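Here the structure comes first, spelled out in structure tokens, and everything after it is commentary.
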Amino acid sequence: MLERRKSAKFFRGVGLLLVLALSVSQLPAQKKLAARLPDVSSGSPSASYLEVEAQSGDNVPTLLERYSLDGYDCNITAFFDINKLEEDYRLKANARYKIPVLVVQYNGKTIRSTLGLDDWGTAIRIDQYNKNLQAAGLRSRSFIDDKELWVPLHELNCPAEGELAEAVKATSKARASGQQIPDESSASKGNRVFPIFGKKYEKTPLVSQKFKGKVFYIISGHGGPDVGASGTRGGHTLCEDEYAYDVSLRLVRLLVSHGATAYMIVRDENDGIRDEMYLECDKDETVWGDQTIPLDQKERLAQRTELINQLTERYLKAGVQDQTVIEIHVDSRHRKQEIDVFFYYRPESEASKELALQMHKTFLQKYARLRSQKNYNGTVSSRGLFTLRETTTPVAVYVELGNIRNSWDQQRVVIANNRQALANWLFEALK
2 MLERRKSAKF FRGVGLLLVL ALSVSQLPAQ KKLAARLPDV SSGSPSASYL
52 EVEAQSGDNV PTLLERYSLD GYDCNITAFF DINKLEEDYR LKANARYKIP
102 VLVVQYNGKT IRSTLGLDDW GTAIRIDQYN KNLQAAGLRS RSFIDDKELW
152 VPLHELNCPA EGELAEAVKA TSKARASGQQ IPDESSASKG NRVFPIFGKK
202 YEKTPLVSQK FKGKVFYIIS GHGGPDVGAS GTRGGHTLCE DEYAYDVSLR
252 LVRLLVSHGA TAYMIVRDEN DGIRDEMYLE CDKDETVWGD QTIPLDQKER
302 LAQRTELINQ LTERYLKAGV QDQTVIEIHV DSRHRKQEID VFFYYRPESE
352 ASKELALQMH KTFLQKYARL RSQKNYNGTV SSRGLFTLRE TTTPVAVYVE
402 LGNIRNSWDQ QRVVIANNRQ ALANWLFEAL K
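Written out as structure tokens, the structure reads:
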């Protein structure tokens, strides 16, 4: 085995919180800035996009991060637009690219008068941006000396940090009063920070928009009072719900980074994506909307499917047909039984069968290349499991990652690189 938001849109359901549908604007950056800055596309001598050289190993997110442009979806969108590139994050070493920073002729007076701004805060941040890049050696002289003011696109085209702070404050107030509130990621709008992924992974740049207009509901099995199956390894207890959750969260992050609307149905606000081998077992998971997970198994399953069905119906009414449920588990068999990743699909659903077969094909290809000494024996079959049977989403697939009691299969989930590989392969099958 390999070691390895153009706007925020909310849906209201009966008894449910507001939920976020992520989308990203594709409007050309210069059109949105036209009222404040000279038209770059007209070849104006007073404004142009900053052009820089990509270093070896650079991709779009790393290049933008170097110039403090990461974390804003408008910067990623603008990068592809101004360079007239397909949405592919790979870059050629030593090639020159325009980045979403406008080089504006400074009038020698103030930043506000140069840009026609009224807001002091924006002017101060632009001033500090220029100073920071000079301190980092990315510009040789100050804008006061060379009369070239660098203006990062997000300062005029994305929500300011102050807006984020106000939204967070409002969210905290709503929590305290018991009001229904949106998911934490809704507060950030253009600033692509998702606390559910944990501190290390919360910043999630938009790599492409290949999945724009597609909706995914990712369910990690069990959770709350039900840890699912369990195994032991090196004196540690392995809980099914923790490992299924980590793989699911990694898959959601991949989907969001490629423009999808993705719902993490079972949630643990203090776990995030973890890179440890042994994930601590707990029972504090909730269902989307801070809903407590019931003790009764049938109630637990009904809670999730009802939520998904309400969301599905609203998207269908809005004309969104491309909706998929993926539920992820780790099976439990006799400890000596090795099993490969296998798949179930909704009975009598050709679309669900097609996706399950594509997932199986992807894993078969990966195993052939990375583990040729051991054949892949995963299976695909229909099964009337509750989620597959009761959800109304057009496509539904159920994934079992292995036998949590078998020492060989355990490697597939306890090694963080392998959990990421599982998420990567599931993601690749969705393309």
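Counting in the numbering used here, the sequence shown runs from 2 upward without gaps.
The C-beta atom is built at its ideal place from N, Cα and C for all residues, glycine as well.
The model shown is predicted, which means the values in this text are computed figures rather than measured ones.
For this session: Please go through the same chain and pick out, in chain order, the residues whose beta-carbon is closer than 7 Å to the beta-carbon of S1, but skip the five residues on each side of it.
Result: Because the chain in this structure spans residues 2 to 432, residue 1 falls outside the shown range and cannot be described.
Exercise. With distances taken between CB atoms, is the gap from V253 to I219 smaller than 8 Å?
Worked result: yes
Problem set entry | Straight-line Cα distance separating T115 from E52 | 21 Å
Problem set entry | Reduced DSSP category for E429 - H, G, I as helix; E, B as strand; rest coil | helix
Problem set entry | Candidates S353, L118 and V342, of which the one nearest Y377 by Cα | V342
Exercise. From L386 to L402, what distance separates their C-alpha atoms?
Worked result: 16 Å
For this session: Determine contact between the region 88 to 96 and the region 119 to 133, defined as no fewer than three beta-carbon pairs at a distance below 8 Å.
Result: no
Exercise. Just reading off the beta strand (DSSP E) that N376 is part of, what are its end residues?
Worked result: No beta strand (DSSP E) holds N376; DSSP gives it neither H nor E.
Problem set entry | T388 in three-state terms, based on DSSP | helix
Exercise. Straight-line CA distance for V415 to E286?
Worked result: 20 Å
For this session: Look at K465 and Y346 and say whether their C-beta atoms are less than 8 Å apart.
Result: Look at the range of the chain in this structure, 2 to 432, and you will see that residue 465 is not part of it.
Exercise. At which residues does the beta strand (DSSP E) containing S1 begin and terminate?
Worked result: Nothing in the structure corresponds to residue 1, since the chain is present only between 2 and 432.
For this session: Quick one: residues in its chain with C-beta nearer than 8 Å to the C-beta of E429, no 5 flanking neighbours on either side, listed in chain order?
Result: T363
Exercise. Is the beta carbon of Q324 less than 8 Å from the beta carbon of Y316?
Worked result: yes
For this session: Measuring alpha carbon to alpha carbon, tell me which of I294, G225, L427 and Q210 ends up nearest A357.
Result: L427
Exercise. Does the beta-carbon distance from K432 to K211 come in below 8 Å?
Worked result: yes
For this session: Within the same chain, show all residues whose beta-carbon is closer than 6 Å to that of L280, passing over the 5 residues directly before and after it, in chain order.
Result: E243
For this session: Look at the alpha carbon of I274 and the alpha carbon of W121, and state the distance between them as a whole number of angstroms.
Result: 38 Å
Problem set entry | CB of S251 within 8 Å of CB of A424, strictly | Looking at the sequence shown, residue 251 is not Ser but Arg. For R251 and A424, yes; Cβs fall inside 8 Å.
Problem set entry | Proximity of G225 and K284 at Cβ, strictly below 8 Å | yes
Problem set entry | Of the listed residues D227, A263 and W289, nearest to D297 (C-alpha basis) | D227
Problem set entry | Sub-8 Å separation of E339 and N407 beta-carbons | yes
Exercise. Is the Cβ-Cβ distance between G214 and H223 less than 8 Å?
Worked result: no
Exercise. So, using beta-carbon positions, are H155 and L207 closer together than 8 Å?
Worked result: no
Exercise. What does I100 pair with, by DSSP beta-bridge criteria?
Worked result: L51
For this session: Just tell me which of P101, W289, F344 and E270 has its CA closest to the CA of Q359.
Result: F344
Exercise. For D227, which three-state DSSP category applies?
Worked result: strand
For this session: Identify every residue that forms a DSSP beta bridge with G232.
Result: L239
Exercise. What are the residues that DSSP puts in a beta bridge with E281?
Worked result: Answer is none; E281 lacks a bridge partner.
Exercise. Roughly how many angstroms separate the alpha carbons of S231 and D410, rounded to a whole number?
Worked result: 13 Å
Exercise. Taking Cβ positions, are F217 and I327 nearer each other than 8 Å?
Worked result: yes
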